[in-house]
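Going by numbering that gives the first Met the number 0, the residue at position 48 of the sequence shown is 47; the numbering climbs one at a time, nothing skipped. C-beta atoms are modelled at their ideal positions from N, C-alpha and C, and glycine is treated no differently. Everything numeric in this text was worked out from a predicted model, so none of it was measured. Working notes, structure below.
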Amino acid sequence: MAIEKAEFFNLTHYEYGEAYFGSCEGMRYRLAREPLENVFFTPPEKRSPAVLLATVWKEPYAYARTPEEEKTSATFEISEEGFDQAIRWIQEQFEQKNWK
Numbered sequence: 000m001a002i003e004k005a006e007f008f009n010l011t012h013y014e015y016g017e018a019y020f021g022s023c024e025g026m027r028y029r030l031a032r033e034p035l036e037n038v039f040f041t042p043p044e045k046r047s048p049a050v051l052l053a054t055v056w057k058e059p060y061a062y063a064r065t066p067e068e069e070k071t072s073a074t075f076e077i078s079e080e081g082f083d084q085a086i087r088w089i090q091e092q093f094e095q096k097n098w099k
């Protein structure tokens, strides 16, 4: 099974301070701007430094209920290239483990 870019919201969505959550055969994942804040109406030059934070963890618990030590995360540049890299990383995490 593949985790496709089409499943995610477009990159602009993350400027609103909202995370995207998904799951695939026992693995849950989250993609969000870090820090998680609404910067859509803030000019780019006035925004604080930020990254895309991709996180994966084993089901069944939600992100907020899963201990940090059970999550694996990686950061990526906020750009289309960083967005693509984050999605590839999530897919690679899925392929490296038996999540069920």
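> Do you know how far the Cα of A63 is from the Cα of S72?
Replying inline: In the sequence shown, counting from the first residue as 1, residue 72 sits at position 73. In the sequence shown, counting from the first residue as 1, residue 63 sits at position 64. Roughly 14 Å separates the two Cα atoms.
> What is the rounded straight-line gap between the Cα of E91 and the Cα of A85?
Replying inline: Numbered from 1 along the sequence shown, position 92 holds the residue referred to as residue 91. Numbered from 1 along the sequence shown, position 86 holds the residue referred to as residue 85. Annotation: E91 to A85 spans about 10 Å, alpha carbon to alpha carbon.
> Quick one: what does DSSP say A73 is sitting in, helix, strand or coil?
Replying inline: For the purposes of this step, residue 73 is taken as residue 74 along the sequence shown, with counting starting at 1. Of the three classes helix, strand and coil, the one that applies to A73 here is strand, per DSSP.
>> Using a 10 Å radius around the Cβ and a threshold of 16 neighbouring Cβ atoms, would you call M0 buried or exposed?
In response: Translated into positions along the sequence shown, residue 0 becomes position 1. M0 should be labelled exposed.
>> Let me check one thing: in DSSP terms, what residues is L10 bridge-paired to?
In response: One-based indexing of the sequence shown puts residue 10 at position 11. The partner list for L10 (beta bridge, DSSP) is empty, contrary to what the question assumes.
> Taking the Cβ atom as the reference point for each residue, do E6 and G21 lie within a distance shorter than 8 Å?
Replying inline: Along the sequence shown, one-based indexing puts residue 6 at 7. Along the sequence shown, one-based indexing puts residue 21 at 22. For E6 and G21, yes; Cβs fall inside 8 Å.
> Buried or exposed: where does L51 fall if 16 or more other Cβ atoms within 10 Å of its Cβ makes it buried?
Replying inline: As a first step, residue 51 is located in the sequence shown; it is residue number 52 there, counting from the start. L51 is classed as buried because its beta carbon has at least 16 other beta carbons within 10 Å across all chains shown.
>> Using 8 Å as the threshold, is the C-beta distance between A53 and R32 below it?
In response: Within the sequence shown, numbered from 1, the residue matching residue 53 stands at position 54. Within the sequence shown, numbered from 1, the residue matching residue 32 stands at position 33. No, these two residues do not count as a Cβ contact at 8 Å.
>> Please identify the residue among A61, F75 and T65 whose C-alpha is closest to the C-alpha of L10.
In response: The sequence position of residue 10 within the sequence shown is 11, counting from 1. From the listed residues A61, F75 and T65, the smallest Cα separation to L10 is found for F75.
> Roughly how many whole angstroms lie between the Cα atoms of N97 and K4?
Replying inline: Indexing the sequence shown from 1 puts residue 97 at position 98. Indexing the sequence shown from 1 puts residue 4 at position 5. In a straight line, the C-alpha of N97 is about 22 Å away from that of K4.
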